[in-house]
Structures are given as structure tokens and as C-alpha cells.
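Below: one structure, written as C-alpha cells.
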Amino acid sequence: MRGYANLTRVAETAQRLIDELDPPFLVNEHELRVTASIGISVYPQDGPDIVTLLKNADTAMYQAKAEGGRAFHFFTEEMNARVLNRVTLDKNLHLALEHQEFVLLYQPQVDGASGQITGVEALIRWHHPQQGEISPAQFIPAAEESGIINGIGDWVLNQACLQTRRWLDLGLPELTMAVNISAVQLRQPNFVDKVMAALSRHGLPAEYLELEITESALIRDTQRIVRILNELRQQGVRLSVDDFGTGYSSLAYLKNLPFDKIKIDQSFIRGIPEREDDAAITEVIIGIAKSLKMELIAEGVETEEQYAFLLQHHCQQMQGFFFGKPMPAAVIEQRLRQSVEASPDQ
Ligand code: C2E
Ligand code: MG
Ligand code: MG
């Protein structure tokens, strides 16, 4: 058995069995109680055959009893700790959604030549009451495996549309709101409806919303994904390929899918201008976007040299610490106001 998801399911099943056995049994008007302790061994890590697996599961069960019973225990401590961490994380993610512990930060996307903010990317953060700020890299994969990403993603979409509407209502310069969408979200049967509902809830025209989808999300169920993306595009929602160059980088995706924009992955930008291979790959991607008449943005721009290289090679749109880290909505608002004041005739 591989992966956390399967092991988490084993843990959930064990917990359900324990819970089911918990209420008293009525036998001839006598209330009898049994409590269950469950030991779990996993093939092939914990043994190559049934006899060894049973023996090790038995050892694990005595461990569960030793820890007070009414519990399950995996055979190895390492696996036990991993699965328990994971079960706790899943539970905490559910609670985080209920207790509104998520916030969105926004990172500017700028026109390199003028420095104007043309869009922002919404990036989620989890303010854990004990652990402080947790980055998405630490919880998005778990949220995807357990499916909680769908609830989190709904919240993100709604919040991002609400925020864009607020900025528009304040009369600030128009911008595109980019929202990251994971493969799991994209495969929900009602995903298009959810997106359209979020837009109409806040009276936001579809062209203000851009969905960022990583290449790796396109590998499975390609036919279905093509249909969903086409529907979204027809509704006017903008689509961009995130982290381009790190997955299969299939040019067929660019040809067959209705993407408006390519995001060059930051791993290539990091190496320019010193590393010839990164510079060459960046130039090639710039060329592909131009030939296919797609928009292009470089992400992870951190230095003056990277900025100069990209401008010189006609990559207009950029995003990265050089222009600003992900920041709270109020700071973006300030920046937008400053840009209006700097060019009053706009
Ligand atoms: P991504 O969509 O590729 O986002 C870009 C990541 O690069 C962000 O990390 C951003 O903070 C970071 N970054 C931006 N500029 C620079 C730079 O100049 N240098 C460096 N070193 N890093 C830079 P973050 O916020 O930790 O997000 C990581 C990933 O988590 C995102 O990668 C995205 O795949 C995922 N993610 C974030 N928010 C959401 C969300 O709301 N929903 C989903 N499904 N995924 C999300
Ligand atoms: Mg992104
Ligand atoms: Mg990216």
C-alpha cells in the first residue's frame, strides 16, 4: 500500500471500528461494554507474508493497549507518527475553514516597462492559532489528497472575486485577479458553475478573473479537462498555464487548450542571466508565446539583472520579489492609489 491517502483511509476505518464498538451492548438487560484496540501492519513494509504481518499487527495492538486502549497503532513508530500527523492535519484543515483561519495575500503582476500593476495573484496563507503562518506548500498537497481543497478553493474564489469588486468600486485602476486552481478542483462536476456563481455573487465580469492551472493538472482526464476549460473560456474567464516548463511542457496543450497566458516557471528565471541553459530556455518560451500569440509572464523575478534580461527579450509582464512580495489587500490598495496619483490624467 502506497501513499498517505491510503494509510489515512486505513486509520479512518480503524477509528470508525473503534467508535462503532464504543456504545454499550444490551445483553439480557445488562449493559456490556467492550473497547477495541487495533494493531495495523502494512504490506510489504512490515512483513513479506501473512504470518509476519499478523505477528507484527499483534505487537502493534499491544502497543495500542499499552497507550491506554480504545485506539489504533501502526507497527512502526515512524508510520504511526506520520499517519497521526496527517489525520491531525486533515482535522485541523476542516476546522481552519470553519474558524476562518485562512487569508489571501496578493502579489503584484506588473508591466515591466511602465512598472504599472496590471494584475495580482491571490496566494493563500493559513494563520494557525498555535503554529502561526503556514505556507500553502505545507498544506495544499494534504488538502488535495483528502478533498478539503474543494472547500478551501471555493472560499479562495469567493474571497478573490469579492476583493476585486471592492477595488473596482473604489475606482482604482482595473486589474486581473489570478487564482490558483488545483487539479482536484478542476475535476469537480460543477466547477464551471461554482466559478460563475462566485463571479455573479459579486457582480464581477468574467474577464477580471484568471485561473492559473499547472501543467501537471492537465495530464489525467485530458478530454474532460479540455471541455471544462473550453466552457470557462467561452464564459469569458481567462486561463493561464502556471509553472510552465516544469511538467511535460507539452506543446499540444498550448495548441489544443484555450489558454490566454503562459507563466514561465521561476526555476528558469532564477538562473538568468548567468546560466546559459536557463537563459536559452527562457528565450525559447518567450518565442513560443509570441508565435502562438499568447500572453506571457515571468514569475520569480528577484533581481535587476533578471528584470533587464526579460525586458531586453520582450517579456513584458513580470512577477516577483523585485516588484513586491505577496501582501495584504490594504497594501495593494495603497500601491494602486499611489499609481493613480502619479498619473492623474488616467
Ligand atoms: P505558484 O502559483 O507558482 O505561486 C508562486 C509562488 O512563488 C508563491 O509561493 C510566491 O510567494 C512565490 N514567489 C513569488 N515571487 C517570488 C520570488 O521572486 N522569489 C521566490 N523565491 N518566490 C517567489 P507561495 O505563496 O508559497 O505558494 C506556493 C504554491 O502554492 C503556489 O505556487 C500554488 O501552486 C499553491 N497555492 C497558493 N495559493 C493557492 C490557492 O489559493 N489555491 C491552490 N489550489 N493553490 C495555491
Ligand atoms: Mg500560481
Ligand atoms: Mg508558479
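Using our numbering, you'd call the opening residue of the sequence shown number 1237 and step up by one each time.
Glycine included, C-beta positions come from ideal geometry on N, C-alpha and C.
Query                                                                                                                                                               : Result
Is Asp1405 near ligand 3 - that is, is its Cβ less than 7 Å away from at least one heavy atom of it?                                                                : no
From the DSSP output, in three-state form, read off Leu1468 for me.                                                                                                 : helix
What are the start and end residues of each continuous beta strand (DSSP E) run of 3 or more residues lying completely inside the region 1352-1383, in chain order? : 1353-1364 and 1368-1370
Is DSSP giving Ile1274 helix, strand or coil here?                                                                                                                  : strand
Mapping DSSP to helix, strand and coil, what is Met1237?                                                                                                            : Residue placement at Met1237 cannot be trusted, given a pLDDT of 44 that sits under 50; what the coordinates show is reported in the next sentence. Reduced to three states, the DSSP call for Met1237 is coil.
Have a look at Ala1565 and Gly1305 and give me their C-alpha separation to the nearest angstrom.                                                                    : 49 Å
To the nearest whole angstrom, what separates the beta carbons of Ser1277 and Ala1293, a pair I think is in contact under 8 Å?                                      : 4 Å
What does the Cβ neighbour count give for Ala1300, buried or exposed, with the cut at 16 atoms within 10 Å?                                                         : buried
So, does the region 1490-1504 touch the region 1527-1541, judging by three or more C-beta pairs under 8 Å?                                                          : yes
Does DSSP put Gln1548 in a helix, a strand or coil?                                                                                                                 : helix
Give a yes or no on whether 8 Å exceeds the smallest Cβ distance from Ile1461 to chain C.                                                                           : Of the protein chains in the structure, only one exists, and it is not chain C.
Work out the CA separation of Met1413 and His1549 for me, nearest whole Å.                                                                                          : 26 Å
Are Ile1384 and Leu1329 close, meaning C-beta to C-beta below 8 Å?                                                                                                  : yes
Select from Gln1395, Gly1348, Leu1341 and Asp1390 the residue whose C-alpha is nearest the C-alpha of Ser1371.                                                      : Leu1341
Taking DSSP as the reference, what is the three-state secondary structure of His1235?                                                                               : Absent from the structure is residue 1235, since the part of the chain shown begins at 1237 and ends at 1582.
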